[in-house]
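S.K.: One structure, pasted below without further comment.
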Ligand SMILES: C[S@@+](CC[C@H](N)C(=O)[O-])C[C@H]1O[C@@H](n2cnc3c(N)ncnc32)[C@H](O)[C@@H]1O
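In my numbering, the protein residues as written are 220 to 503.
Below is the structure:
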């Protein structure tokens with residue numbers, strides 16, 4: 220069912236205003252595919268009729284559902300495994316040395332989709348009990364999509380999802396099979412928490428030693444990307460570690476971070492980039 224240029228423009232504007240995501244050119248087929256189930260459920264006569272109902276305000280939840288359908292939630296366990304190795308062996312190790320006195324570690328996965336990234340970090344830590352013994356560790360996953368966060372909290376994955384990236388040994392150690400699905404263990408679930416959060420809003424409270432923001436900012440305009448990098452920097456201490464997706468970089472998008480040459484693929488704050496506490500002091 221074809222969608223008109225006008226409706227594409229309306230949806231693109233709605234999506235960008237609410238999420239920062241720009242609709243990539245030439246992806247019209249994706250809009251139609253994404254909204255097709257909603258169109259069927261509402262028995263809308265056409266894509267354009269569906270878009271009219273979405274923007275009419277007759278049911279405010281319709282626009283949330285349309286946006287959720289248009290977002291790309293693609294994720295899998297241990298995505299870019301080499302980057303996770305680097306994070307574990309170098310990024311986390313550096314923070315571990317720096318926090319030896321307090322033994323406190325806070326990790327934020329921003330744009331965590333259905334939770335695989337968050338459980339991946341939890342597995343990295345749970346696999347090394349001696350290294351992290353006596354540590355107080357918060358692992359917080361956030362996403363704009365309430366549906367994705369509900370699934371992340373539930374921690375139940377299909378056979379297809381569980382097979383993507385997760386080594387068999389981890390699957391057997393950390394998940395229980397329930398009929399045709401796989402449920403993450405209570406122990407792993409107890410290590411993490413999930414919240415709804417829009418990256419266009421101020422960051423969650425407190426400072427995070429490690430922030431993962433992977434495959435989220437790709438479709439943000441340069442200005443919005445810069446704003447979000449600034450907000451993430453404000454939620455990190457001076458020596459915090461930022462991890463982006465394998466094909467992403469901060470270069471050309473922000474002055475708040477620089478590439479960490481000792482840990483390629485990870486980023487650290489540029490000296491003097493403000494963190495929340497110094498920003499709050501300045502605001503007083
Ligand atoms: C492609 S997934 C990436 C998931 C995971 N980080 C990974 O790399 O495997 C992108 C996620 O970012 C979320 N997202 C998009 N815009 C967002 C925003 N403004 N605030 C928070 N999350 C957002 C989407 O809902 C989606 O779940």
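Just so it is clear, CB atoms sit at the ideal spot from N, CA and C, and this is done for glycine as well.
As the structure is a computational prediction, the values presented were derived from the model and not from experiment.
Would you say the beta carbon of residue 359 comes nearer than 7 Å to a heavy atom of ligand 1?
M.R.: No, ligand 1 has no heavy atom inside 7 Å of this Cβ.
S.K.: Can you tell me whether residue 422 is buried or exposed? The criterion is at least 16 other CB atoms within 10 Å of its CB, across all chains shown.
M.R.: Buried, since its Cβ has 16 or more Cβ neighbours within 10 Å.
S.K.: Between the beta-carbon of residue 327 and the beta-carbon of residue 427, is there less than 8 Å?
M.R.: Cβ distance < 8 Å, so residue 327 and residue 427 count as in contact.
S.K.: Just how far apart, CA to CA, sit residue 302 and residue 465?
M.R.: Going from the Cα of residue 302 to the Cα of residue 465 covers about 7 Å.
S.K.: Based on Cα-Cα distance, which residue from 361, 355 and 370 lies nearest to residue 401?
M.R.: It is 370 whose Cα lies nearest to the Cα of residue 401.
S.K.: Contact check, residue 234 vs residue 242 under 8 Å by CB: the rounded distance?
M.R.: 6 Å between Cβ atoms; contact.
S.K.: Can you tell me whether DSSP reads residue 397 as helix, strand or coil?
M.R.: Note: residue 397 maps to strand in three-state DSSP.
S.K.: Mapping the DSSP letters down to three states, classify residue 352 as helix, strand or coil.
M.R.: The answer is coil: DSSP assigns residue 352 none of H, G, I, E or B.
S.K.: Given a cut-off of 8 Å, decide if residue 290 and residue 185 are closer than it, judged by their beta-carbon atoms.
M.R.: In this structure the chain extends from 220 to 503, so residue 185 is not present and cannot be described.
S.K.: Contact between the segment 353-370 and the segment 382-395: three or more CB pairs below 8 Å?
M.R.: Not touching, per the Cβ criterion.
S.K.: So who's on the other strand from residue 486, going by DSSP bridges?
M.R.: Its beta-bridge partners are 461 and 478.
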